[in-house]
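Working notes, beginning with the structure itself.
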Amino acid sequence: MDRTAFLKKTDFLAQIPLEPLERIGSKMEEIKASKGAMIFQIGEIGDAVYFVVDGSLEIEKHGTKLLSLPPGECVGEFALIDEKPRSASAVAKTDVILLKWRKDDFQLALARNSEVAAGIIRVLTRRLHQDISRQVAASLQRERWEQDLRRAHEIQMTMLPEGDFSTDCIEISGYSRPATFIGGDYYDYLPLEDKKLGVFLADVMGHGFYSGLFVAMAKICLHTQANIDFSSDAVMSAMNRTVFHSVQSEMLMSCCYVILDLQNKKLTYTNAGHPYPYHYRPSINRLERLKSTDLLLGIPGFEETPFSSNERSWDKGDLLVLFSDGVSEAKNSRKESFTEEWLGRIILQNKHKSSAQIKDAILEALSSHSRGAPQEDDITLVVAKAL
577 MDRTAFLKKT DFLAQIPLEP LERIGSKMEE IKASKGAMIF QIGEIGDAVY
627 FVVDGSLEIE KHGTKLLSLP PGECVGEFAL IDEKPRSASA VAKTDVILLK
677 WRKDDFQLAL ARNSEVAAGI IRVLTRRLHQ DISRQVAASL QRERWEQDLR
727 RAHEIQMTML PEGDFSTDCI EISGYSRPAT FIGGDYYDYL PLEDKKLGVF
777 LADVMGHGFY SGLFVAMAKI CLHTQANIDF SSDAVMSAMN RTVFHSVQSE
827 MLMSCCYVIL DLQNKKLTYT NAGHPYPYHY RPSINRLERL KSTDLLLGIP
877 GFEETPFSSN ERSWDKGDLL VLFSDGVSEA KNSRKESFTE EWLGRIILQN
927 KHKSSAQIKD AILEALSSHS RGAPQEDDIT LVVAKAL
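Per the working numbering, the sequence shown starts with residue 577, numbered consecutively.
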């Protein structure tokens with residue numbers, strides 16, 4: 577069997593160039609199963625996607641047959657971006673030949689070629705839209721849609737850090753609340769080598785499945801690239817390529833990536849069109865802003881643009897506050913915005929407190945301001961303090 581030729585004809589991998597597609601195919605495991613064999617069961621943790629080469633699979637849930645998959649189709653694709661239990665079972669409807677693509681090999685393919693990420697996110701997005709159409713048609717599928725919404729929300733929340741982070745020289749506290757079930761904000765912090773720490777906050781345009789899927793891809797891109805080269809230019813360039821290749825309806829993303837050098841007391845940042853983070857420096861008792869260094873990510877024509885960075889001191893007592901525009905632009909019942917100026921005043925009023933206490937003070941003020949008004953945008957906040 578010519579795996580590359582077969583995969584090139586599948587909807588899932590048709591857009592992938594031949595060279596990386598050949599590498600992907602070589603990593604897949606061929607599986608032969610007899611009619612009636614269980615390929616995977618509902619409730620199992622997904623670790624791979626399966627491509628039907630010959631024969632057909634039946635997808636079922638609690639004894640109800642949902643659909644049949646002929647050659648060229650695949651199942652289990654969402655296992656590539658989450659670690660949640662399978663939402664249905666797959667059974668061999670006939671004798672079948674399958675190709676199994678494991679999650680580890682998928683992540684390796686992402687690290688090697690951003691076009692792999694672009695092709696996959698397009699297909700995942702299209703499939704989700706197709707699911708919406710089917711789910712509207714029947715009550716069972718409506719139930720499945722609601723389950724997918726809950727699952728997508730749970731997946732997105734697992735993309736964020738599990739809790740606050742602290743060492744003997746820094747503490748970080750973060751928070752994110754989507755405006756709808758699935759939002760477009762993403763923040764993260766990751767320990768790097770040589771006593772450095774990366775802090776990342778991004779805001780994808782819009783809400784819904786596409787933004788939520790991109791948050792998952794952004795996390796994979798960030799962590800994969802950080803393991804290869806965590807410099808600001810390398811990370812932002814990789815993220816920009818991923819956004820550019822994943823553009824749908826001119827989707828763009830603002831983000832700020834900060835590297836805190838805890839040993840040499842330095843802060844290096846790149847700000848791609850994101851609201852200016854606050855940097856409070858007690859040594860001069862001044863609240864300063866990390867202004868933009870570059871354009872938004874995903875702008876057509878700027879796929880390979882180099883990124884710049886600025887460097888500042890990072891001393892004991894310094895504060896760093898990153899936020900999405902859902903904070904500064906939050907409205908009250910009179911349509912008045914919270915404003916960045918008010919945010920700055922709250923930071924100064926609470927500068928002597930811990931990062932978690934400063935975060936809570938900001939959220940409390942935001943909640944008081946917005947009481948009685950609907951949340952119109954995702955609210956995300958990260959506070960770091962040098963100890």
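Don't be surprised by glycine CBs; every beta carbon is placed ideally from N, CA and C.
Query, Result
"Run through DSSP, which three-state label would residue 886 get?", "strand"
"Is DSSP giving residue 902 helix, strand or coil here?", "helix"
"Compute the Euclidean distance between the alpha carbons of residue 647 and residue 609, then round it to the nearest angstrom.", "14 Å"
"Just the Cα atoms here: how many angstroms apart are residue 662 and residue 678?", "15 Å"
"Could you spell out the range, first to last residue, of the beta strand (DSSP E) harbouring residue 767?", "761-768"
"What does the Cβ neighbour count give for residue 900, buried or exposed, with the cut at 16 atoms within 10 Å?", "buried"
"Considering only their Cβ atoms, is the gap separating residue 625 from residue 653 smaller than 8 Å?", "yes"
"Excluding the five sequence neighbours on either side, which residues of its own chain have a C-beta within less than 6 Å of the C-beta of residue 689, listed in chain order?", "596"
"Which whole-angstrom value is the C-beta distance of residue 838 and residue 772, which I expect to be below 8 Å?", "7 Å"
"Could you give the distance in angstroms between the alpha-carbon of residue 714 and the alpha-carbon of residue 947?", "Because the pLDDT of residue 714 is 49, which lies under 50, any placement of that residue in the model is unreliable, and the number read from its coordinates should be weighed accordingly. Taking the straight line from one Cα to the other gives about 38 Å."
"Looking at the ligand FAD, does it come within less than 7 Å of residue 676, judged from the CB to the closest heavy atom?", "The ligand FAD is absent from the structure shown, which contains no ligands of any kind."
"For residue 793, which residues does DSSP report across the bridge?", "Residue 793 pairs with nothing; no bridge assigned."
"Here's the rule I'm using: 16 or more other beta-carbon atoms within 10 Å means buried, otherwise exposed. How should residue 739 be labelled?", "exposed"
"Let me know the secondary structure DSSP gives residue 829 once reduced to three states.", "strand"
"Do you know offhand how far residue 584's Cα is from residue 752's?", "39 Å"
"Where do the N-terminal and C-terminal ends of the alpha helix (DSSP H) with residue 920 fall, by residue?", "916-925"
"Starting from the Cα of residue 686, find the closest Cα among 939, 798, 880 and give me that residue.", "798"
"Taking 8 Å as the threshold (C-beta atoms), are residue 627 and residue 586 in contact?", "yes"
"What is the DSSP secondary structure of residue 928, counted as helix, strand or coil?", "coil"
"Would you call the region 912-924 and the region 750-770 touching, i.e. three or more CB-CB distances under 8 Å?", "no"
"Can you name the residues that DSSP bridges to residue 614?", "667"
"To the nearest whole angstrom, what separates the beta carbons of residue 849 and residue 866, a pair I think is in contact under 8 Å?", "Actually they are not in contact, since the Cβ atoms of residue 849 and residue 866 sit about 12 Å apart, beyond 8 Å."
"For residue 882, which option in 811, 644, 749 has the closest C-alpha, if you only look at C-alpha atoms?", "811"
"Would you report the Cα separation of residue 774 and residue 637, rounded to the nearest angstrom?", "42 Å"
"Alpha carbon to alpha carbon, how far is residue 896 from residue 938? Give it in angstroms, no decimals.", "13 Å"
"The beta strand (DSSP E) spanning residue 600 covers which residue range?", "Unbroken run through residue 600 is the alpha helix (DSSP H), 594-603; no beta strand (DSSP E)."
"Let me confirm a value: residue 957 is counted as buried when at least 16 other C-beta atoms fall within 10 Å, else exposed. Which label applies?", "buried"
"Since I believe residue 830 is in contact with residue 885 (beta carbons under 8 Å), could you give me their beta-carbon distance rounded to a whole number of angstroms?", "The pair is not a contact, with the Cβ atoms about 16 Å apart (cut-off 8 Å)."
"So, using beta-carbon positions, are residue 855 and residue 817 closer together than 8 Å?", "no"
"Do residue 750 and residue 779 count as a contact pair if the criterion is CB distance below 8 Å?", "no"
"For residue 945, which three-state DSSP category applies?", "helix"
"Between 923, 611, 755, which lies nearest to residue 950 when the distance is taken from Cα to Cα?", "755"
"Grouping DSSP H, G and I as helix and E and B as strand, with all else coil, what is residue 935?", "helix"
"Just verifying my parser: in three-state terms, what is the DSSP assignment at residue 621?", "strand"
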